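A quick write-up on the structure given underneath.
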Amino acid sequence: MNYEPVIGLEVHVQINTRTKAFTRAPYVFGAEPNTLADPVVMALPGALPVLNKEAVRQAVRAGLMLECKIAERCKWDRKNYFYPDSPKNYQISQYDQPICIGGAVEIELPGPSRNVMGAHRKVKLTRIHLEEDVGKLSHFGNASLVDFNRAGVALLEIVSEPDLYSIEEVFAYLNSLRQSLTAAGISDCDMEKGQMRCDANVSLRPKGTTTLGTRCEIKNLNSISGVRNAVQYEIKRQARALDKGEKIIQQTRRWDAEQGVTQPMRTKEDAHDYRYFPDPDLMPVVIAPEQVEKIAKTLPERPFDRQRRFMQQYDLPYTVTSVLCPTCALGDYFEQALEVYPKNPKGIANLIANDLLRELAAAGRPDEGALPVCQCKIKPAQLAELVKLTDDAVITRQSAKEVFAEMFAAGDDPMAIVERKALKQEKQDDGALEQIVRDALEANPKAVEQYKAGNEKAINAVKGAVMKATQGRANPQTVAELIGKLLS
Amino acid sequence: MSQPIYYKTLAELSRELEEKKVSSTEIAQAFIDRTQATDGKVNAFLHHDAHDLLAQAKRSDERRATGQALSPLDGLPIGIKDAICVAGQPLTCASKMLENYVSPYDAGAVERLKAAGMLPWGRLNLDEFAMGSSTENSAFKTTCNPWNLERIPGGSSGGSAAACAAGQAIATLGSDTGGSIRQPASHCGVVGMKPTYGLVSRYGLAAFASSLDQIGPMTRTVEDAALLLQQLVWHDRRDSTSLNHAAPDYRGALSQKRETPLRVGLPKEYFGEGLSDDVRKVVDNAIGFYKSQGAQMVEISLPHSSLGLAVYYIIAPAEASSNLARFDGIRYGHRAAKADDPVEIYYDSRAEGFGPEVKRRVILGTYVLSSGYYDAYYLRAQKVRSLIRQDFSDAFEKVDVILSPVTPTPAFKRGEKINNLLEMYLCDLYTIGVNLAGLPGISVPGGFSKDGLPVGIQLIGKPLAEAELLQTAHLFEQAHDFYNQHPAL
Amino acid sequence: MSESIDIDHVAQLARIRLSPEEKTAYAAQLGDILNFVRQLESVDVTGVEPTSHAFPVVNVLDDDEPSEPFTQAQALMNAPLARNGQIEVPKVVDEA
Ligand SMILES: [Mg+2]
Ligand SMILES: [Zn+2]
Chain C
496 MNYEPVIGLE VHVQINTRTK AFTRAPYVFG AEPNTLADPV VMALPGALPV LNKEAVRQAV
556 RAGLMLECKI AERCKWDRKN YFYPDSPKNY QISQYDQPIC IGGAVEIELP GPSRNVMGAH
616 RKVKLTRIHL EEDVGKLSHF GNASLVDFNR AGVALLEIVS EPDLYSIEEV FAYLNSLRQS
676 LTAAGISDCD MEKGQMRCDA NVSLRPKGTT TLGTRCEIKN LNSISGVRNA VQYEIKRQAR
736 ALDKGEKIIQ QTRRWDAEQG VTQPMRTKED AHDYRYFPDP DLMPVVIAPE QVEKIAKTLP
796 ERPFDRQRRF MQQYDLPYTV TSVLCPTCAL GDYFEQALEV YPKNPKGIAN LIANDLLREL
856 AAAGRPDEGA LPVCQCKIKP AQLAELVKLT DDAVITRQSA KEVFAEMFAA GDDPMAIVER
916 KALKQEKQDD GALEQIVRDA LEANPKAVEQ YKAGNEKAIN AVKGAVMKAT QGRANPQTVA
976 ELIGKLLS
Chain X
47 MSQPIYYKTL AELSRELEEK KVSSTEIAQA FIDRTQATDG KVNAFLHHDA HDLLAQAKRS
107 DERRATGQAL SPLDGLPIGI KDAICVAGQP LTCASKMLEN YVSPYDAGAV ERLKAAGMLP
167 WGRLNLDEFA MGSSTENSAF KTTCNPWNLE RIPGGSSGGS AAACAAGQAI ATLGSDTGGS
227 IRQPASHCGV VGMKPTYGLV SRYGLAAFAS SLDQIGPMTR TVEDAALLLQ QLVWHDRRDS
287 TSLNHAAPDY RGALSQKRET PLRVGLPKEY FGEGLSDDVR KVVDNAIGFY KSQGAQMVEI
347 SLPHSSLGLA VYYIIAPAEA SSNLARFDGI RYGHRAAKAD DPVEIYYDSR AEGFGPEVKR
407 RVILGTYVLS SGYYDAYYLR AQKVRSLIRQ DFSDAFEKVD VILSPVTPTP AFKRGEKINN
467 LLEMYLCDLY TIGVNLAGLP GISVPGGFSK DGLPVGIQLI GKPLAEAELL QTAHLFEQAH
527 DFYNQHPAL
Chain F
1242 MSESIDIDHV AQLARIRLSP EEKTAYAAQL GDILNFVRQL ESVDVTGVEP TSHAFPVVNV
1302 LDDDEPSEPF TQAQALMNAP LARNGQIEVP KVVDEA
């Protein structure tokens, strides 16, 4: 039979705070094990939680980025369950009064080709709540080791409705979520660093029907490819089972990346009796509408909104905007450059999308990806200046490339480099240039002959010779004019 | 007549230190000697370190000699209930679970005492994790009532009350979840105060029932309670329930004259069936005293008070079941030897580490929170708790303080109630309402039973009315000489 | 609210191994206590807000300012078993 998969995602995202959600113990990635703990993190007798103001602020910002309603009042509940990575054996979370309600994540589906924008759709969110992370388990032979550095880190749990209908949508959803959250500086969403983790609820139903089938929850999907492969596998598994007339059993499954299969997890019958109750150690949070408004002012434009605006306002092609907009810093960079030189948005956008990104990629360390644009030595104003120098024909395009390389390496102003390297374009009325063109024509009789015979391209050999002789400083237009004049 | 050092008060010893009549080292030595001489009988201490106390005292004497005393209380030892953390000292909560645990940090209240230069002295016995009313639930020893060694000292802060009564400590810290300071204070003939919920930081108090727990002073006089409370009141940012309250001058308030006649409420529900003649007589005497002082006695009603026990025995175990989940044998505490799977570690460590009363309450609390029962038990109990709070605030429209018994009977014999759960729980009948409503309450020695056992009276105040409460208690105390009477040991 | 208690299930939720004797004893005692708390059923609580905190205030928040964490030695000073700066437990098998 032909099935339609229905997928809901629960995405956990670490919030970029300096300290943990309920204590002042610091958090940084990659510290020595158990060096970011305090009485609260280790759940020592007598330790008490205190809510981190910044975690709340960032949760509100996330809610606003994702079109949620911000709860006027929310509270903290204990989710009771035993696990060795859970210090208190309860997690402070939000049960029936989450901080953000509803919401939507705009996604873009793949278009007919890479340079055509795909269809957009909004995926519904159920809620976002704030909670704390657990420690990290690693396994060695017969033992497991627990590092509590990560325990207590502020997490957002972003819960979608079962409103995703294909692997492509899941992928687009995670991408969009990441772009929005990184744009706002709420999280780095680096799956490799465990900053973004995902559980997927997958069910199938016959195409064309609307009732939801029985779902399975796949836990701990910790990479994009893991999500893709696990969901793909699970869809196939369920389809096979349904085809055989089997019933899907609602269960929690684990993705085994090595074997490429999902497997039922050992599930105790008490697994879902979390005995939620309001945490008596923590007070509710009340957020006034004025406060929400104030926080809203700190948010960047949503990435897709920005892309639409860039296309409209600056007449940029889709392909360029889909390079500039997913990374907030890149779009910012573009607009900062544009402020200095508003005349040529396309020129600036192209220089960023092609040359700058290429150099940033090359400059990145192999294990860390491209160099972030904030660490680039070329400041937006300098990049704008370079485009302007080219547009004003102060330097040739050829020279511009040379200047750009120097700028990227040293961060010098483009004009300083032009002067230092004497790259200023020759004046058009310079007799010297005419002599060079004359010499080039004489040195390339064959090309001249072919040109005269009607092969216009043949004259490029002459132009090339002129450029070589002038070290690229001749204005190509002037050269063309001189050739025309001398051959007429 | 001159008392031996160990029966002097904080106020007296503070003065004598200031006047250089005595050194902190001499005081420390007096308590070390007294404890050595008497604790074989009383069994109030789970641990004490004479070396450490003398070292602390020496440092205090040095501070004082160079004019750098931290406060008038600098150099005075104070006993600590073994559920309150002191850095570098054991914290057992009288449980096998924490038999070898050493706290790496100080409780907020202990930080305050240390900031005043006071010297944490010993770890005092309690009912395991503060669950009990007799200190018989300690995993390590049974503390005896210094007035009659056959009798219980009350609980859960039984060690704190007994040590104070026996002159093994000038003053002690206890904690009170359902009466655990006031009830043992009453049984041992000392002053025990449970402050308004949130007035003293709970940070570093091993949690029993978070919404009810409160640390408070146990002393031999009301003045000492005022002195200690002054130091303990503090806004601790590490406790979200810690109140931001500027403490008035508690000691100064003791001698102030009231501007309006005192209105004393007598809740009729606290004088009903079950109240023993011994206790009744003591409370009647107190009523007579306040009348003689021109106080107005007002009969009041706390209509939902009979439900307090039921509410308490849902809320406290529920919170405890979650609070005690951290004792799992993983990061610290007792780990069962034979477990070869983390799940087995939980089952066996908790089976071996917890005593019967703790297990009972954890099981009960787990049950009332479990799927399908939450609304019927926990949520309903929280609603009735609101009614009980309302009762008190209605009553305080008419009266300034409430006077009542602390416990239905004087201290009972060891083993007498250990097998009768509900009867044991009834010990908390008159004290629980105060915790449920978050109010301040104090137990002051009120007299003796016909068997010569101390009996306290309870005064209950409005939220944050500690000054008024202490003043009222002080008035009674100074008109009697119970505080000058000590057990023969 | 009177019901027979599935003591095995509750003990499992609480992660406490109970002996058969304990099970019998606790089941009976819990029955008594639950019977005792039945009196709450008779109270009309319609429209009554539950009390979670004796003195409810809101927005108790702390600044995002790090303070000195434990050293690894402090963090592990009470650990029953530790290796490589981490708490050691028998191998954890996935459990949902
Ligand atoms: Mg979840
Ligand atoms: Zn979660």
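Residue numbers (the numbering used here), protein chains in the order written: chain C, 496 to 983; chain X, 47 to 535; chain F, 1242 to 1337.
Glycine included, C-beta positions come from ideal geometry on N, C-alpha and C.
These figures come from a predicted structure and were not determined experimentally.
To the nearest whole angstrom, what separates the beta carbons of residue i and residue j, a pair I think is in contact under 8 Å?
| i | j | result |
| --- | --- | --- |
| C711 of chain C | I743 of chain C | 7 Å |
| A560 of chain C | S675 of chain C | The sequence given here places Met at residue 560 of chain C; Ala does not occur at that position. About 5 Å; that satisfies the 8 Å criterion. |
| N644 of chain C | R372 of chain X | Wrong, their Cβ atoms sit about 18 Å apart, outside the cutoff. |
| P593 of chain C | I623 of chain C | 6 Å |
| I596 of chain C | K570 of chain C | Not confirmed; about 14 Å, so no contact. |
From residue i to residue j, what does the alpha carbon distance come to, in whole angstroms?
| i | j | result |
| --- | --- | --- |
| D285 of chain X | F635 of chain C | 38 Å |
| K874 of chain C | R853 of chain C | 16 Å |
| S1243 of chain F | R406 of chain X | Unreliable positioning characterises S1243 of chain F in this predicted model, as indicated by a pLDDT of 45, which lies under 50. The coordinate reading is nonetheless provided below. So the alpha carbons of these two residues sit roughly 18 Å apart. |
| L410 of chain X | E365 of chain X | 10 Å |
| E741 of chain C | K515 of chain C | 46 Å |
| H350 of chain X | K429 of chain X | 11 Å |
| K916 of chain C | V898 of chain C | 9 Å |
| D421 of chain X | T822 of chain C | 48 Å |
| L144 of chain X | N575 of chain C | 22 Å |
| Q870 of chain C | L855 of chain C | 9 Å |
| A734 of chain C | L707 of chain C | 14 Å |
| N724 of chain C | P1297 of chain F | 48 Å |
| L794 of chain C | E562 of chain C | 12 Å |
| S417 of chain X | F517 of chain C | 27 Å |
| P1307 of chain F | G320 of chain X | 54 Å |
| N1319 of chain F | R377 of chain X | 7 Å |
| A1337 of chain F | R309 of chain X | Low confidence applies to A1337 of chain F: its pLDDT is 48, below 50, so where it sits in the model is not reliable, and the reading given next is rough at best. Those two C-alpha atoms are separated by around 59 Å. |
| M496 of chain C | D738 of chain C | 7 Å |
| N717 of chain C | M691 of chain C | 7 Å |
| E656 of chain C | V618 of chain C | 8 Å |
For residue i, which option in the options has the closest C-alpha, if you only look at C-alpha atoms?
| i | options | result |
| --- | --- | --- |
| A317 of chain X | X:S288, X:T455, X:E514 | According to the sequence as given, residue 317 of chain X is Phe; it is not Ala. Among X:S288, X:T455, X:E514, the Cα nearest to that of F317 of chain X belongs to X:T455. |
| E1282 of chain F | X:L353, X:Q504, X:N466, X:N146 | X:L353 |
| L825 of chain C | C:Q807, C:N610, C:P582, C:I847 | C:I847 |
| N274 of chain X | X:L122, X:H94, X:G492, X:G487 | The residue you asked about is not Asn; residue 274 of chain X is Leu in the sequence shown. L274 of chain X has its Cα closest to that of X:L122, out of X:L122, X:H94, X:G492, X:G487. |
| M806 of chain C | C:E753, C:A865, C:I510, C:K841 | C:K841 |
| P784 of chain C | C:R748, C:V555, C:G613 | C:V555 |
| A1266 of chain F | X:P402, X:M239, X:N183 | X:P402 |
| M686 of chain C | C:L699, C:N644, C:L672 | C:L672 |
| D1328 of chain F | C:T793, C:A638, C:V957, C:Q966 | Asp is not the amino acid found at residue 1328 of chain F; the sequence shown has Ile there. The residue with the shortest Cα to Cα distance from I1328 of chain F is C:A638. |
| P480 of chain X | X:Y358, X:V132, X:E462 | Here the sequence assigns Val to residue 480 of chain X, which means Pro is not the residue at that position. The option with the nearest alpha carbon to V480 of chain X is X:Y358. |
| T1292 of chain F | X:G484, X:G492, X:H532, X:G311 | X:G484 |
Taking Cβ positions, are residue i and residue j nearer each other than 8 Å?
| i | j | result |
| --- | --- | --- |
| L467 of chain X | Q1253 of chain F | no |
| D120 of chain X | A162 of chain X | yes |
| V447 of chain X | I506 of chain X | yes |
| P528 of chain C | N1325 of chain F | yes |
| I488 of chain X | L515 of chain X | yes |
| P536 of chain X | G200 of chain X | Chain X is shown from 47 up to 535; residue 536 of chain X falls before or after that span and cannot be answered. |
| V600 of chain C | L620 of chain C | yes |
| D295 of chain X | A57 of chain X | no |
| I126 of chain X | R169 of chain X | yes |
Check your understanding: When the Cβ atoms of the region 85-93 of chain X are set against those of the region 187-206 of chain X, are three or more pairs found closer than 8 Å?
Key -> yes
Check your understanding: Is it a yes or a no for the region 494-506 of chain X touching the region 320-331 of chain X, going by three-plus beta-carbon pairs under 8 Å?
Key -> yes
Exercise for review: Scan the region 536-556 of chain C for residues whose Cβ lies nearer than 8 Å to a Cβ of chain A and list them as they occur along the chain.
Suggested key: Of the chains in the structure shown, none is chain A; the protein chains are C, X and F.
Exercise for review: Taking 8 Å as the threshold, find out whether the region 251-267 of chain X comes into contact with the region 1302-1320 of chain F through three or more Cβ pairs.
Suggested key: no
Practice item. Report yes or no: do three or more beta-carbon pairs, one from the region 194-211 of chain X and one from the region 219-236 of chain X, lie closer than 8 Å? Key: yes
Review point. Using 8 Å as the Cβ pair cut-off and three pairs as the minimum, do the region 148-159 of chain X and the region 240-256 of chain X touch?
Key: yes
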